[in-house]
Structures are given as structure tokens and as C-alpha cells.
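Take a look at the structure below.
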Amino acid sequence: MEGKKEQQKVVVAACIRDEKGKILLAKRVDFLNLKANGKWEFPGGEVEFGESPEAALMRECREEIGCTIEIVRLLPYLHQNVGHRTTGEVVQAFVSCFEAKITEGEPKPAEREISELQWYKKEEIPALDSLPGTNEFINLLE
């Protein structure tokens, strides 16, 4: 991989459900990884050095959707994928997903990272243009 910088990232995602069981998805804005741009995903992001996955997820939800969440449980699946950024970097991401609920705030997209937020029924999600791993996490929900 001459000329390309390889990185590994730990990423956390929140499968947020409302009182009716609908799931909140975010439409991603990503000009570093064009294959991910415009795809549906769970709110979340990278775990910073020294930060726990749970703390990172709570921070990311405040930043991305303006809400405080309560983590319910870790879903028993670890997704990994490799993405190529427009900068030439190659990033391998390890993604954990937590089931969560909003305890404070009304979801609003952080426009620099998310163009839209939408609540979906579980059975509607497989038909969406979503990031890899989304359906695997959805299938673990009760």
C-alpha cells in the first residue's frame, strides 16, 4: 500500500428506539469516504483515545443529534469494514452498536455530518441504502 496511510478506528453506534419501537437512522454526509456519503446509518462515531465506548457514544449523540441517551445494552456483534478516503488513507473500522433510548432532547441533525434524521420500523430498514453492518445489527433486536 505504498503512498497510502493505513489506520484502524474504533467506532460506536446507537440503535435508538422510540416508545413505538421505531429506530432512528441518520443520512450521512461524508466527503472523505464518498461510498458512505448519503447512506443511512445509526448515529455514532469514533472513540477518542482514553475514552470509553459508552462515553464516546453519549458524546457523539449529543454532537450529531443534540440528544442525551441512555444505553440499554451492547448488541452482540462486531462489524468491521475497510474504507478508502479521498485523501488516500485506508481506514479499517471496528464498529460496536449499542441499543439506546433518548432521555433528553429532540433529535435534530448536525448538518456537517448528517443531512437528515428519520424514524423507521424495523422491517423497513433492510430496503434502505444503508452502511454495511446496519442490517446485521437490526437483526439482533428483539
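Its first residue numbered 1, the sequence shown is counted upward by one per residue in full-length UniProt numbering. The beta carbon of each residue, even a glycine, is placed where N, CA and C say it ideally should be.
What three-state label does DSSP hand residue i in the structure shown?
i           : result
residue 28  : strand
residue 112 : coil
residue 106 : coil
residue 123 : helix
residue 57  : helix
residue 1   : Caution applies to residue 1, whose pLDDT of 43 falls short of 50 and renders its modelled position unreliable; the model cannot decide the point.
Measuring straight from C-alpha to C-alpha, what distance separates residue i and residue j?
i           : j           : result
residue 105 : residue 68  : 7 Å
residue 13  : residue 137 : 10 Å
residue 86  : residue 131 : 18 Å
residue 126 : residue 135 : 6 Å
residue 116 : residue 64  : 11 Å
residue 141 : residue 26  : 18 Å
residue 66  : residue 103 : 11 Å
residue 101 : residue 88  : 37 Å
residue 79  : residue 19  : 27 Å
residue 39  : residue 118 : 12 Å
residue 91  : residue 5   : 8 Å
With a 10 Å radius around its C-beta and 16 neighbouring C-beta atoms as the bar for buried, classify residue i as buried or exposed.
i           : result
residue 95  : buried
residue 41  : buried
residue 123 : exposed
residue 82  : exposed
residue 60  : buried
residue 7   : exposed
residue 34  : exposed
residue 55  : exposed
Would you say the beta carbon of residue i comes nearer than 7 Å to a heavy atom of the ligand MG?
i           : result
residue 123 : The ligand MG is not among the ligands present in this structure, which contains no ligands whatsoever.
Rounded to the nearest angstrom, how far is the Cβ of residue i from that of residue j, given a contact under 8 Å?
i           : j          : result
residue 110 : residue 11 : Not really, about 16 Å apart at Cβ, beyond 8 Å.
Sequence ranges, beta strand (DSSP E) only - wholly within the region 63-104, length at least 3: 68-84 and 90-104
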